[in-house]
Structure formats: structure tokens, C-alpha cells
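I have placed the structure first, in the form of C-alpha cells, so that the comments after it can refer back to it.
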Ligand code: NAD
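Residue numbers (my numbering): 1 to 236.
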């Protein structure tokens, strides 16, 4: 822990990569691990363009359930610790796979949302995107003013990441002197490639996760524990 704290204190360019695990202690289920299931469906079966084409109502019902959980949740000490780290670091980028917006609410500013945002809706017909925080719509699936079907503004399994956001994330990893990777199983690509990229470009990589991941053997320091407990200590 002490070594990792010094790396963060000594670095002027830091990148953090977060995944579902950082929001677990805010009460938002992760995709992998216990408690991540909705009805009998696995997220991998719902978060795909094919699932939406087959049954948009079912997929939207799942998103309404997730929106409800997120709306009732609060950022936790892990989110706040990263906002604090940003405030004291000259160049800080937060790359998140999360769609829940809890980093914004904790005060993080330079955020790259590589998997989109659950509060954005996008029209399949006219492509228009807008922020829409409603927890219910008059009809399911909801419709755009143009009459087209709206979908959640998130990246589903099998879809491309927004290219500009992704390129900025890669750049941040290549430039970083230190990287914090918290709460990600590191199995969802291409996001899982960011830590190896930072490492090969010379960053000290610190992982925070209660469980071992495919990254654990590669990182410079693996801190086993919950993000809400470890991150505040790391940043203190
Ligand atoms: P994941 O569900 O695959 O893995 C979660 C990881 O978090 C696991 O490695 C687990 O050991 C770890 N973890 C569990 N509790 C933790 C804690 N308290 N502190 C630190 N780590 C903890 O999540 P992923 O790697 O982010 O990939 C899945 C995809 O799911 C991502 O694309 C993401 O967009 C999406 N997702 C997002 C949310 C959200 O926005 N909150 C929630 C679920 C899934």
C-alpha cells in the first residue's frame, strides 16, 4: 500500500480505470459475481443489439430497473477518493466502464465514459441523443419525437466504443505515470486492454479488487479489498 501511495503522490499524470465493482458498495449490482442477476436473465443476454431487436420491451424493462436502482444510489467513498485524487493531480483522466453517473455526482470532472451513459437515450431512426432521466415512459419502448424507437445510450456487447472517447482513453493510458484500476473484472474488451497498454508505456499500475483478475499477475501492485475501503487509504 505505501509504495502505491508514493507512486500516486509522485506522479503528475495519472489515469484511473473503473468498472462495476466501484459502484457495488453503492448498491448497484455488478454484471459478474453474485447478486448481478435480474429475473432469470444474464446481463450478457440482455445487453446486446440482438436482444433489443428481438424484444425491446424486455430490454427497456431491465434498464428501467437499473435506472431505478441508480437513481436511489449515492456515490461511495471510492468514488469520492478518485475525485480527490483528480483535484490534487495536475493531469488526471478517469476512464470508466460504468454507465451510472456516480463519478460525476462524486465530483470527478475529466471523465471518459467508454461504455456510454444510462441516462442518455438515442433514436434508432434519426440518431438524436438526449439526456432523459425519467424512470418511466408513456410507452415501452419509448419513442422519439420523430416517431423512431429510442434505445439506451450505452455500448452493448458486440458494439463499437465511441471512437473519440476511446482514442482519448488510449492516449491517457500511454501518457500516464501511474494508473489505478478499480472494480473491473478485466474481461470485457477492449477496455481490458487499457491497463496492459499503460503498463507497457511505463506506468506503475495499481489494481484494487477483492478478487484476483486476469490483470493481477501483470500489475505492479494488487490491493485486495473493496474500492470504498482501499481507495480512500490509497489517496489519503
Ligand atoms: P464486472 O461485473 O465484470 O466485474 C466487477 C468486478 O468488480 C469484479 O472483478 C469484482 O471482483 C469486482 N468487485 C466487486 N465488488 C467490489 C468492490 N466492492 N470493490 C472493488 N471491486 C469490486 O464489471 P466490469 O469489469 O465493469 O465489466 C462489465 C460491464 O458492465 C462494463 O461494461 C460496465 O459498463 C457494465 N456495468 C456497469 C455498471 C454500472 O454502471 N454501475 C454495473 C454493472 C455493469
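Idealized CB from N, CA, C, for every residue including glycine.
Which residue comes first and which comes last in the alpha helix (DSSP H) that contains residue 173? Element bounds for residue 173: 163 to 175.
Going by alpha carbons, who is nearest to residue 114 out of 179, 188, 66, 29? If we check each option's Cα against that of residue 114, 188 comes out closest.
Can you tell me whether residue 32 sits near ligand 1, meaning its C-beta is under 7 Å from at least one heavy atom of the ligand? Short note on residue 32: C-beta closer than 7 Å to some heavy atom of ligand 1.
Roughly how many angstroms separate the alpha carbons of residue 39 and residue 92, rounded to a whole number? Rounded to whole angstroms, residue 39 and residue 92 show a C-alpha spacing of 39 Å.
Is residue 159 near ligand 3, judged by its Cβ being under 7 Å from some heavy atom? Judged by which ligands are present, ligand 3 is missing from the structure shown, whose ligands are ligand 1.
On a Cα-Cα basis, can you pick out the residue from 99, 58, 43, 1 that is closest to residue 19? Closest option to residue 19, Cα to Cα, is 99.
Can you tell me the Cβ-Cβ gap for residue 150 and residue 143, rounded? I've got them flagged as a contact below 8 Å. So it is a contact: roughly 6 Å between Cβ atoms.
Any idea if residue 50 is buried or exposed, counting beta-carbon neighbours within 10 angstroms, 16 or more meaning buried? Answer is exposed; the Cβ neighbour count stays below 16.
Measuring straight from C-alpha to C-alpha, what distance separates residue 81 and residue 119? Their Cα atoms are separated by approximately 24 Å.
Is residue 115 near ligand 1, judged by its Cβ being under 7 Å from some heavy atom? Residue 115 Cβ: within cutoff of ligand 1.
Flag residue 25 as yes when its Cβ comes closer than 7 Å to any non-hydrogen atom of ligand 1, and as no otherwise. Checking the 7 Å criterion, the Cβ of residue 25 is within range of a heavy atom belonging to ligand 1.
Given the structure, does residue 217 come close to ligand 1, in the sense that its CB is under 7 Å from one of the ligand's heavy atoms? Within 7 Å of the C-beta of residue 217 there is not a single heavy atom belonging to ligand 1.
Applying the 10 Å Cβ sphere with the 16-neighbour rule, what's the burial state of residue 44? Flag for residue 44 reads exposed.
Contact between the region 152 to 166 and the region 197 to 204: three or more CB pairs below 8 Å? Result no; under three Cβ-Cβ pairs closer than 8 Å.
My assumption, with CB atoms under 8 Å, is that residue 205 sits in contact with residue 235. Please give the rounded CB distance. At roughly 16 Å, the Cβ-Cβ gap does not stay under 8 Å, so residue 205 and residue 235 are not in contact.
With a threshold of 8 Å between beta-carbons, can residue 139 be considered close to chain C, or not? No chain C appears in the structure shown, which is made up of a single protein chain.
Apply the 10 Å Cβ neighbour rule to residue 141 and answer buried if 16 or more other Cβ atoms are within range, or exposed otherwise. Classification for residue 141: buried.
Touching or not, the region 60 to 74 and the region 168 to 178, by the rule of three or more beta carbon pairs under 8 Å? Output reads no: the region 168 to 178 does not touch the region 60 to 74.
Is it the case that the CB of residue 183 approaches a heavy atom of ligand 1 more closely than 7 Å? Yes, since a heavy atom of ligand 1 falls inside the 7 Å radius drawn around the Cβ of residue 183.
Counting C-beta neighbours from all protein chains within 10 Å, is the total for residue 123 16 or more, i.e. buried, or is it exposed? When all chains shown are included, residue 123 counts as buried.
Whose C-alpha, out of 89, 77, 220, is nearest the C-alpha of residue 105? If we check each option's Cα against that of residue 105, 77 comes out closest.
Tell me the DSSP secondary structure of residue 113 in three-state form. Three-state DSSP puts residue 113 in a strand.
Identity of the residues DSSP links to residue 149 by a beta bridge: Residue 149 is bridged to 143.
Taking residue 187 as part of the beta strand (DSSP E), name the residues at either end of that continuous run. No beta strand (DSSP E) holds residue 187; DSSP gives it neither H nor E.
In terms of alpha-carbon separation, which member of 146, 101, 4, 1 lies closest to residue 69? Of the candidates 146, 101, 4, 1, the residue whose Cα lies closest to the Cα of residue 69 is 101.
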